[in-house]
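Peer 1: Here the sequence shown is numbered in this note's numbering, starting from 66 and rising by one per residue.
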Amino acid sequence: MTLKAWGYFRGDGTLVRGFNVTSVSRTGAGQYTINFTAAMATTAYVARILVQSSVTSVQGLIVPSTASAAQLNFVRTSDGGQFDAAAYFEVYE
66 MTLKAWGYFR GDGTLVRGFN VTSVSRTGAG QYTINFTAAM ATTAYVARIL
116 VQSSVTSVQG LIVPSTASAA QLNFVRTSDG GQFDAAAYFE VYE
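#1: Specify, as a first and last residue, the run of the beta strand (DSSP E) that Q96 falls within.
#2: Quick one: residues in its chain with C-beta nearer than 7 angstroms to the C-beta of L68, no 5 flanking neighbours on either side, listed in chain order?
#3: My output table needs one value for T107: the three-state DSSP class, helix, strand or coil.
#4: State yes or no: is the C-beta of G78 within less than 7 angstroms of the C-beta of F148?
#5: Under 8 angstroms Cβ to Cβ from R82, same chain only, skipping five residues before and after it: list those, please.
#6: Give every residue of the same chain whose Cβ lies closer than 8 angstroms to the Cβ of V86, excluding the five residues on either side of it in the sequence, and list them in chain order.
#7: Classify V89 as buried or exposed, calling it buried when 16 or more other Cβ atoms lie within 10 Å of its own Cβ.
Given below as structure tokens:
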């Protein structure tokens, strides 16, 4: 596998820096869309998401029903529900 995209964004969806990422959009509480500059070859890529938060039991869930080669959609949840927080991400193919 090869690293195809990476980045860091704030909880409001502001992209701080990245590679092969056009933009990040906050589409709802804890919901984000990462748009790739160059699409992946297929939707069979692997994404790793590292969330920055003081909330316990943090999870970054990738929403497979909306996966596409051009973007990555995911929802962040915790024991208390969805929440906004900064995150680092990597996409491998």
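For each residue, glycine too, the CB sits at the ideal point set by N, CA and C. Note that the structure is a prediction, hence the values are computed from the model and not measured.
Peer 2: Result, derived from the coordinates:
#1: Start and end: Q96 to F101.
#2: So the list reads E155 and Y157, once near-sequence residues are dropped.
#3: The answer is coil: DSSP assigns T107 none of H, G, I, E or B.
#4: Contact: no.
#5: Cβ-Cβ distances below 8 angstroms link R82 to G72 and Y73 in the same chain, with the five nearest sequence neighbours on each side left out; the list follows chain order.
#6: A70, W71, G72, L80, I99, N100, F101 and T102, listed in sequence order.
#7: By the Cβ-count criterion, V89 is buried, with 16 or more other Cβ atoms from all chains shown falling within 10 Å of its own Cβ.
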